[in-house]
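With UniProt numbering, the residue at position 511 of the sequence shown is 511, and numbering never jumps.
Take a look at the structure set out below.
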Amino acid sequence: MRRGVAGIAVAGLLVTSVGLGMALAQGKPPAAGAPGGGKPAPVAPGPAPGDKFANPPSAVAPPPATMPDKFASPPPSAAAPPVAAIPGEPEALTRLRAMLGREVTLTYRALAPVDPAGGAVRLSGVSLRRGEITIGIEELTLDRPGEDQMGEAVALGVTIGGAGATPALIGRIQLEGFRLRRPAAGEALAPGDLTVDLLRLEGLAVQGETPFAIATLTVEDWAAGKPGRFTLTGLDVLTPAAGLVDRLRLGRIALRGYDLPTMLAAVIARTPPPQPGGEVGMEVEDVAATLGGAAIGSLGSLRISAEAPAGGVPGGAQSGRIALRDLRVAPFPLIAPWLTRFGYTELTGDITIEARVDPAAERMDLSSFAVSARGMGGLGLSMQLEGVSTDPGRIADNAERMRLAGATLRYVDQSLFGRWVADQARQQRVPEARLREQYASMAAAAVIQGQRDAGPLAPALAAVQRFLRGQARTLEVSLRPPQPVPVADFAGLGAAGPVEAQRRLGLEVTAQ
C-alpha cells in the first residue's frame, strides 16, 4: 500500500498537479498478476502539440459504473511487495519504479545517461500505465533521485488518455525538490505529505465537456505550515453550455503567503480553511468574457491583500483591501434598456474596499467602500462600528451588540442624477427646472413636518436642496454621534422625528 501511494504521488505530481489530478490513482487497478515493471518495451512517442483545443487521441469509453466519492479515503489494503530492480538499469530509474509502486507499469523506448556521476538519466518514449489510464511522455529527465525524493524531473510532450481519463496534453513539466512523507498503513495520502520546491507546467490543454488551456502554472514552496506561491497565466476556458458566456480568458492569477497544502486539505475535508497568518494576497489580471465572439464583460485587475498576526495569533488585529479596476459590463438584456434610456453604451468602473478589524477591542473600521462608474458618478462610504465580535460562537449576536461610532456617505454625480431628472421631466412633460424645484420642496416638507422651520436641520436641508436644484454635484452625509448608537435603535430614531435623529446621530450634510 505504501509503495502504491508513493507511486500515485509521484505520477500525479509529474503529469497532473492541478487536478488532472492523480490520473493514475483514479484508474482501475491492473488485473491480478500483472507485472509492475519489466524490461524496456517499444512505445510510440506522443503526437506533436497542435491546436490547444484539438482532440487528443480518442479513448475507448469505459463501461457504466457507479463512481465512488472522490473525497473519500481509500480502503486499507495489504502493503505491496517492493519492486525488484532490473539488472543493469540505472539507480535513478530503479528509485523511480520503487516510488511508483507495482500498480504502475513504466516502459520506455530509449535511455541515455546525462550525468553518470550524479545519476541523472534521460528517457525517451516513456509510458506510465495503471489499469486503462495511460500517460505518455516524449522525454523524461531524472536528476538527483533519492529515497522518496527527487532533486529534479523534467517531462516534455506529455499526453494523458485511456478509458476513464479526461484527455489532456502538457508541453512541459518541471519538478524540483520533491519529497514524500509516507502515510501510515491504511491512511490516505494527504496534501501535507508532499513537499515541492517548484512545480511548473507549460502548454496545458484539457478536453471534456468544458475544454480549457493554460499557458503556464507554477507552484512554489509547497510545504505544510509554510507560505507558498501559486501563479497561473493564459487561462482559456470554453463554456458552450453556460448560456450568457461561452468563452472566458484570464491573463494571470497569483496567490502568495497561503499555506497551500493546508488549504487543499480543508477543501478535501470540506471544512473551512484555517485563518492565514502574516501577509497574504491574490491578484487577477486581464479577464475577458465573450459570447459568440462578442465581448460581454472584462476586468482589468482584481487585487486582494490581507494582514493578520504572524502564526494566526487569536485576538490580533486584521486588515484587508480589495480593489477591482477597469470593470466593464457590455449591454445585455437585463441592463441594455436602462443604459439606452439614459444614453450610456456600457458600464465601466472601479470598486475598492479597505477595512480593519480589532477582535480584542471588538471594533471594525471600514476605511473605504467606493464604487465609481465612469461618466456616471461615484459613491463612497466609511464607517466605524463597535461591539463587533469575530468569535464564531458570538457572530450571531453582533446585530444586537453593534454600535455606530461614526459614518460618512459621499456621492459625486458626473451625469447619472442629472440624466435621471431630465428623463423624469420628459416623461412628466414639465421643464426640468420646475421638476427640480418640486423635489426641493418635497425635501423641505419631509424635514419640517408641520413645524415653523427646519430648526437645527436647516443647514442639512439647505445642502440637500442645493444638490436637488443642480447647484452642486457632490453631496456628503456624515454621522458623528456624541455617544456610539446601538444599531438596533435606528428604527426607533426614525419614528422620533428628524430633529431627535439629528441630535442622537450628529447629522451633518454638505454640498459642493
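The beta-carbon is built from N, C-alpha and C at its ideal position, and this holds for glycine as well.
Every value quoted in this text rests on a predicted model; they were computed, and no experiment measured them.
- Beta-bridge pairing by DSSP links residue 364 to 357 and 385.
- Contact check for residue 372 against residue 406 fails: the beta carbons are separated by 7 Å or more.
- For residue 332, the secondary structure class from DSSP, reduced to helix, strand or coil, is coil.
- Here the alpha carbon of residue 166 sits roughly 39 Å from the alpha carbon of residue 320.
- Close CB contacts of residue 272 within its chain, under the 8 Å cut and outside five residues either way in sequence, are with 266 (chain order).
- When C-alpha distances from residue 387 are compared across 282, 286 and 402, the shortest belongs to 402.
- If the five residues before and after residue 325 are omitted, its C-beta is found closer than 7 Å to the C-beta atoms of 300, 301 and 350, all from its own chain and listed in chain order.
- Going by beta carbons, residue 505 and residue 481 fall inside the 7 Å limit.
- Within 10 angstroms of the beta-carbon of residue 222 lie 16 or more other beta-carbons, which makes it buried.
- For residue 327, the pairing in a beta bridge is given by DSSP as 299 and 349.
- Excluding five sequence positions before and after residue 400, the CB atoms of its chain that fall closer than 7 Å to its own CB belong to 488, given in chain order.
- Looking at the DSSP output, residue 258 bridges to 228.
- Nearest neighbour of residue 329 by Cα position, chosen from 295, 362, 359 and 342, turns out to be 295.
- Taking C-beta atoms as the reference points, residue 140 and residue 155 count as a pair closer than 7 Å.
- At a Cβ-Cβ threshold of 7 Å, residue 233 and residue 256 do not count as neighbours.
- Secondary structure note for residue 113: its beta strand (DSSP E) is the uninterrupted segment 110 to 115.
- Spatial neighbours of residue 444 in its own chain (CB-CB distance under 8 Å, excluding positions within 5 residues in sequence) are listed in chain order as 454, 461 and 465.
- In this structure residue 395 is exposed. Its beta-carbon is surrounded by fewer than 16 other beta-carbon atoms within 10 angstroms.
- Exposed is the label assigned to residue 91, since fewer than 16 other Cβ atoms lie within 10 Å of its Cβ.
- Residue burial annotation: residue 97 is buried, with at least 16 other C-beta atoms found within 10 angstroms of its C-beta.
- The C-alpha of residue 375 is placed about 42 Å away from the C-alpha of residue 274.
- Taking C-beta separations shorter than 6 Å and ignoring five residues to either side along the sequence, the partners of residue 120 in its chain run 114 and 143, following chain order.
- With a minimum length of 4 residues, the unbroken runs of alpha helix (DSSP H) contained wholly in the region 454 to 507 fall at 458 to 468, 490 to 496 and 498 to 505.
- Residue 192 places its beta carbon 7 Å or farther from that of residue 276.
- Bounds of the alpha helix (DSSP H) holding residue 418 are 416 to 428.
- A Cβ-Cβ separation of about 5 Å places residue 248 in contact with residue 289 under the 8 Å criterion.
- The Cβ neighbour count for residue 397, taken over all protein chains shown within 10 Å, is under 16; the residue is labelled exposed.
- Residue 173 and residue 200 have their C-alpha atoms roughly 6 Å apart.
- Proximity of the region 355 to 367 to the region 327 to 346 falls short of the contact definition, fewer than three beta-carbon pairs being nearer than 8 Å.
- Under DSSP, residue 222 takes part in a beta bridge, and its partners are 196.
- Closest in C-alpha terms to residue 509, from the list 297, 469, 457 and 269, comes 457.
- Taking C-beta atoms as the reference points, residue 102 and residue 124 fail to come closer than 7 Å.
- For residue 170, the enclosing beta strand (DSSP E) has its first and last residue at 168 to 180.
- In this structure, residue 422 places its C-beta atom within 7 Å of the C-beta atom of residue 432.
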